[in-house]
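A.B. asks: Handing you this structure, nothing more for now.
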Amino acid sequence: MHRTAYTLQKGETRLDAGLVGFGGVSDFLVTLGATGGVTQRVELGANLAHGAVGVVNVTGKANLLDRRRAGLALSTGLLFGTPRTIWPLPPFVREELGNGRMLIWPTAVTASFPILPWFGVHADLGYRHVAFTGTFTGDAFYSEGAFSTRDLYFAPSVHFYIAERVALVFRAHLSAYAAFYSVVEGEYEVSPGVRAGITSSEWRRMPFSRTASGTGLVEIRLGRTTHLQVGVALGKPIPALSVSVLPAMNLYWRIGGPGHRERRKQPPVP
Amino acid sequence: MRNTCSLSLLLASLACSAEPQPLTWESVDIAAVRRDLETPTAIIDDARLNATLASLGVNLYFLWQGIQVIEWFYDAASESDYEPQMIDVPFNLTGTQVYLKMACPGVGGTSPDPEFGHGEVVVYSPTLTQENVERAAFRGQALAVFEACEGQYLVFEGDARMAYETETQSIALVTAMQFLRDVDGGADDDLAVVGRFDAPMLRDGSVVSVSLAQPDDTRLTLAIDLDDPDEAFEIYGVDGVVSCRRTEDGSPPCDMAP
Chain A
4 MHRTAYTLQK GETRLDAGLV GFGGVSDFLV TLGATGGVTQ RVELGANLAH GAVGVVNVTG
64 KANLLDRRRA GLALSTGLLF GTPRTIWPLP PFVREELGNG RMLIWPTAVT ASFPILPWFG
124 VHADLGYRHV AFTGTFTGDA FYSEGAFSTR DLYFAPSVHF YIAERVALVF RAHLSAYAAF
184 YSVVEGEYEV SPGVRAGITS SEWRRMPFSR TASGTGLVEI RLGRTTHLQV GVALGKPIPA
244 LSVSVLPAMN LYWRIGGPGH RERRKQPPVP
Chain B
1363 MRNTCSLSLL LASLACSAEP QPLTWESVDI AAVRRDLETP TAIIDDARLN ATLASLGVNL
1423 YFLWQGIQVI EWFYDAASES DYEPQMIDVP FNLTGTQVYL KMACPGVGGT SPDPEFGHGE
1483 VVVYSPTLTQ ENVERAAFRG QALAVFEACE GQYLVFEGDA RMAYETETQS IALVTAMQFL
1543 RDVDGGADDD LAVVGRFDAP MLRDGSVVSV SLAQPDDTRL TLAIDLDDPD EAFEIYGVDG
1603 VVSCRRTEDG SPPCDMAP
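So the protein lines, in turn, are chains A and B. Under my numbering, think of the first position of the first sequence as 4, with each following residue one higher. Under my numbering, think of the first position of the second sequence as 1363, with each following residue one higher.
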């Protein structure tokens, strides 16, 4: 959960190991993340746990402005998977659902305001798109569908830094516009030469109560490079699912880079 | 499927496009159709009757095919064990329709072609709004679309707007059809339009009535009793009625005296 306007420095690496996630994409369910600062203002990352099972999950962030009292960044990512390439699935599932597709595309503009040494405010203006498609066929039926959600949101957060080793983060996800979109066509053979079918194309605005969520997080720096995050998301952190409580835990290490030594004295900015 | 490529669907659905529009059509007013059929405005004279019968000679097969479609739809509606109170639509759908697709038999065929190689007739429901779903067991609208439907003698194209009421066992259709035929004896695949059928029809019980427009904008009404084993039909004008009988050669003899 590194939703600030700041990026890793060139040559710096962040390694993540987490479970469940905070409703984000890069940390969805299981995280073995590797993120590197490729330039002084650009970082690229990947969730290797997802990659190991055949799902592409990459992220990128570029810092556009880095001033003493303000920062601005543009971030994006892509999670893409198809059952055909998810090798842990049973063979018959990969065969039956093999042409399905899942795509999650988040993007956000993030502003950071480190107001006081012990207090900072950050805010995302973001868009997250989730889409699934698939075709299902049988002896007497055929169906094809696509489902997607989209969420244009504002996500302010406040960070409190305590005793140089602890950070408390409170974040709200407030949707300005969220919608569910589905396209479905299916046919069933009633008798030879007679088929019953359905064709559907539906847009649904998703009410604020179905998309709003809040996250509380405690981050502790355990050593020079090791950080522990424990938190919980409440509300609807994953709009497509009826999950109202989503606990999460994450360990990460920041190693390398020119700021490696100086960070020992800095608060653990998530 | 509008877009058969799953990946492009994924990407296409990224766009904030306008709300998709379902297939819509002008609804049919059964009462208005019945009123028109019960009040023919044409006078039955020999010339008009001969012209009407000559037209029917070509089009009668379509008429019986249309009646068959009505029968299918009527049976599907009346035999449904639909329970309105059992339907729980989670929200009011705005772009969802169901349909029944029937294969046409093709030349020489007597039953639907399982391979759909000779065109089809598709009967669409209106959008499944909560209101439409709740009243579907009693009354509703539908649209039958004939897509290059090959019958025994003709190819049918066009559509028929439909309305039904199970309480009165009534189905009304307003058609905008044309039928085509290979006029050069099969030398090539070109088909010529040999007739049009833009007429309201009504089934009340076993009686099917058709309004036949005349060149002077007046109308005759043709009525067929489906239970009549002799396949007789009657033509009503403002001044009387004549009785006719369907024949194998498509030239129905009638009692020409109104």
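The beta-carbon is built from N, C-alpha and C at its ideal position, and this holds for glycine as well. No experiment lies behind these values; they were computed from the predicted model shown.
1. Just the C-alpha distance for aspartate 1589 of chain B and glycine 1567 of chain B, rounded to the nearest angstrom, thanks.
2. Considering only the alpha carbon of each residue, which of A/Ala55, A/His132, A/Ser160 lies closest to leucine 81 of chain A?
3. Could you spell out the range, first to last residue, of the alpha helix (DSSP H) harbouring alanine 52 of chain A?
4. DSSP state of leucine 1411 of chain B, grouped into three classes?
5. So arginine 1607 of chain B is in the beta strand (DSSP E); what residue range does that whole segment cover?
6. Classify phenylalanine 90 of chain A as buried or exposed, calling it buried when 16 or more other Cβ atoms lie within 10 Å of its own Cβ.
7. Find the residues of chain A that neighbour alanine 1355 of chain B, judging by a C-beta separation of less than 9 Å, and give them in chain order.
8. Going along the chain, which residues of the segment 81-114 of chain A sit with their C-beta nearer than 8 Å to a C-beta in chain B?
9. Under 6 Å from any heavy atom of the ligand FAD, does the C-beta of valine 1569 of chain B make it?
10. Under 7 Å between the Cβ atoms of valine 23 of chain A and alanine 166 of chain A?
11. Is it buried or exposed, serine 194 of chain A, if we count other Cβ atoms within 10 angstroms and call 16 or more buried?
12. Which partner residues of leucine 177 of chain A appear in the DSSP bridge assignment?
13. Alpha carbon to alpha carbon, what distance is there between glutamate 1400 of chain B and valine 186 of chain A?
14. For chain B, find out if any of its Cβ atoms is closer than 7 Å to the Cβ of serine 185 of chain A; answer yes or no.
15. So with Cβ pairs under 7 Å, would you call threonine 214 of chain A a contact of chain B?
16. In terms of DSSP beta bridges, what is tryptophan 206 of chain A paired with?
17. Does the beta carbon of serine 203 of chain A sit closer than 7 Å to a beta carbon anywhere in chain B?
18. DSSP state of glutamate 15 of chain A, grouped into three classes?
19. Once the 5 residues before and after threonine 229 of chain A are set aside, which same chain residues still bring their CB inside 6 Å of it?
20. Report the rounded CA-to-CA distance for tryptophan 1387 of chain B versus phenylalanine 139 of chain A, giving the unit in angstroms.
21. Is the CB of threonine 1458 of chain B under 7 Å away from at least one CB in chain A?
22. Excluding the 5 residues flanking alanine 1522 of chain B on each side, which residues of the same chain have their C-beta closer than 6 Å to its C-beta?
23. Taking the alpha-carbon positions, what's the aspartate 159 of chain A to serine 115 of chain A distance?
C.D. replies: Per the coordinate set shown:
1. Aspartate 1589 of chain B and glycine 1567 of chain B have their C-alpha atoms roughly 10 Å apart.
2. A/His132
3. 51-55 is the span of the alpha helix (DSSP H), which, as asked, contains alanine 52 of chain A.
4. Here DSSP, grouped into helix, strand and coil, assigns leucine 1411 of chain B to helix.
5. 1602-1607
6. According to the sequence shown, residue 90 of chain A is tryptophan rather than phenylalanine. Burial call: exposed.
7. This structure gives no information on residue 1355 of chain B, because the portion of chain B shown stretches from 1363 to 1620.
8. Asn102, Gly103, Arg104, Leu106, Trp108
9. With respect to the ligand FAD, the structure offers nothing, as it holds no ligand at all.
10. Contact check for valine 23 of chain A against alanine 166 of chain A fails: the beta carbons are separated by 7 Å or more.
11. exposed
12. A/Phe157
13. 44 Å
14. At least 7 Å separates the CB of serine 185 of chain A from every CB of chain B.
15. Output row for threonine 214 of chain A: interface = no.
16. Beta-bridge pairing by DSSP links tryptophan 206 of chain A to A/Tyr184.
17. Yes, serine 203 of chain A counts as interfacial toward chain B.
18. strand
19. Trp256
20. 31 Å
21. yes
22. The answer, listed in chain order, is Ala1506, Leu1535, Thr1537.
23. This sequence places proline at residue 159 of chain A; aspartate is not what is there. Taking the straight line from one Cα to the other gives about 10 Å.
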